[in-house]
Amino acid sequence: GLLASRLWPAEPLKARVQLTVGLGITHPSVLMHHSTGSSQFADHVSRYQQIIQSLLSSDLNVVCFTNGAGEDERFLRKLQDEPNPSEKWRERVKFSPRAADPRDLARLISQFDAVIAHRLHTNILAYSYKVPHIGLAWDPKLQAFFNSVGRSKFHITLDDPNSRSIASRVTEALEAGISAQMHSTTLDLSADSIAKLAGTIVEASKLNVKTRNCHKAVSTKLRLHPKRHQLMPFRFLNGSHTTRQTGIYR
33 GLLASRLWPA
43 EPLKARVQLT
53 VGLGITHPSV
63 LMHHSTGSSQ
73 FADHVSRYQQ
83 IIQSLLSSDL
93 NVVCFTNGAG
103 EDERFLRKLQ
113 DEPNPSEKWR
123 ERVKFSPRAA
133 DPRDLARLIS
143 QFDAVIAHRL
153 HTNILAYSYK
163 VPHIGLAWDP
173 KLQAFFNSVG
183 RSKFHITLDD
193 PNSRSIASRV
203 TEALEAGISA
213 QMHSTTLDLS
223 ADSIAKLAGT
233 IVEASKLNVK
243 TRNCHKAVST
253 KLRLHPKRHQ
263 LMPFRFLNGS
273 HTTRQTGIYR
């Protein structure tokens, strides 16, 4: 999440002539589930191809990847198996293997110069590593995240006439970068919230232990009749009251 960059610091970027954009691939069935439109499976293949072509036309390399979801991986391979439109495509478009674990995914995203993705956590990881990112609209939670970190202008829909050239939006995002002050504040707040939550869990665990001990103390006052499986009369510690129950104490 947001604190990934503090948990797993990014490795230094290797020197390169051309910038590389990570394109997060999401299965259309996931997108259509949240969409009010009537777009079909083939439309999404075409849309990803258009994004890739736009980036290549702006002299940007592309790495297609997923966050590891099985359905996304299947669609990534489907996209990979599509006929290559040009020689440039074959040379400069790569398809990343599935990340082995969250750390592997974080490492991959940290090495991109920019990221384009629908998935919320892909965008959160990019933000954590200060990688300029474009969020493709589909879920209210994604828009809420972009609003919360002051990046609402980079949350776009591909149907928006102002978003037809995805490459121009990437260039804009690269020039704007990630606000260092907002980034630091956001990660600090996240760390403080987790620390408070951890403290609450610890206190709740202590209370739970006390409650279990109390239940244990009460249960030791009961004598189970060996033959009839009934709870025999028992006396409270002050000896002032005696009661009878039947059944097994639970």
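Quick note on the working numbering: the sequence shown kicks off at 33 and runs consecutively. Backbone N, C-alpha and C fix where the C-beta goes; we use that ideal spot for every residue, glycine too. All values derive from a computational prediction rather than experimental measurement.
Bounding residues of the alpha helix (DSSP H) (the contiguous stretch that carries residue i)
| i | result |
| --- | --- |
| residue 153 | 152-160 |
| residue 181 | That residue, residue 181, is in no alpha helix (DSSP H); it is neither H nor E in DSSP. |
| residue 52 | Residue 52 -> not in any alpha helix (DSSP H); beta strand (DSSP E) instead, spanning 52-56. |
| residue 202 | 198-208 |
| residue 36 | 36-39 |
Cβ separation of residue i and residue j, assumed to be a contact under 8 angstroms, to the nearest whole Å
| i | j | result |
| --- | --- | --- |
| residue 161 | residue 236 | Between residue 236 and residue 161 the Cβ distance is about 33 angstroms, and since that is not below 8 angstroms, they are no contact. |
| residue 284 | residue 154 | Outside the shown range of the chain (33 to 282) lies residue 284, about which nothing can therefore be said. |
| residue 172 | residue 107 | The pair is not a contact, with the Cβ atoms about 23 angstroms apart (cut-off 8 angstroms). |
| residue 141 | residue 157 | 5 angstroms |
| residue 40 | residue 139 | 7 angstroms |
| residue 239 | residue 150 | Wrong, their Cβ atoms sit about 41 angstroms apart, outside the cutoff. |
| residue 79 | residue 190 | 6 angstroms |
Counted within 10 angstroms of its Cβ, other Cβ atoms place residue i as buried (16 or more) or exposed
| i | result |
| --- | --- |
| residue 234 | exposed |
| residue 216 | exposed |
| residue 116 | exposed |
| residue 210 | buried |
| residue 56 | buried |
| residue 278 | In this predicted model, residue 278 has a pLDDT of only 35, less than 50, meaning its place in the structure is not dependable enough to derive any value. |
| residue 49 | exposed |
| residue 183 | buried |
| residue 229 | exposed |
| residue 169 | buried |
| residue 137 | buried |
| residue 37 | buried |
8 angstroms CB neighbourhood of residue i in its chain, flanking five on each side removed
| i | result |
| --- | --- |
| residue 201 | 166, 186, 188, 195 |
| residue 205 | 146, 164, 165, 166, 186 |
| residue 53 | 87, 92, 93, 94, 95, 144, 145, 146, 147, 148, 202 |
| residue 35 | 160, 219, 222, 223, 226 |
Simplified DSSP state of residue i, which is helix, strand or coil
| i | result |
| --- | --- |
| residue 31 | As displayed, the chain neither begins before 33 nor continues past 282, which places residue 31 out of reach and without an answer. |
| residue 109 | helix |
| residue 126 | strand |
| residue 234 | helix |
| residue 168 | strand |
| residue 149 | strand |
Same chain, Cβ closer than 6 angstroms to residue i, neighbours up to 5 away in sequence not counted
| i | result |
| --- | --- |
| residue 112 | 127 |
| residue 198 | 83, 86 |
| residue 90 | 199 |
| residue 103 | 59 |
| residue 51 | 92, 145 |
Within-7 angstroms CB hit, residue i to chain C
| i | result |
| --- | --- |
| residue 50 | In the structure shown, chain C does not exist; there is a single protein chain. |
Close-in-space but distant-in-sequence residues of the same chain around residue i (CB under 7 angstroms, 5 per side omitted)
| i | result |
| --- | --- |
| residue 181 | 159, 214, 218 |
Residue interval of the beta strand (DSSP E) (run including residue i)
| i | result |
| --- | --- |
| residue 138 | Segment 134-142 is the alpha helix (DSSP H) holding residue 138; no beta strand (DSSP E) there. |
| residue 95 | 93-97 |
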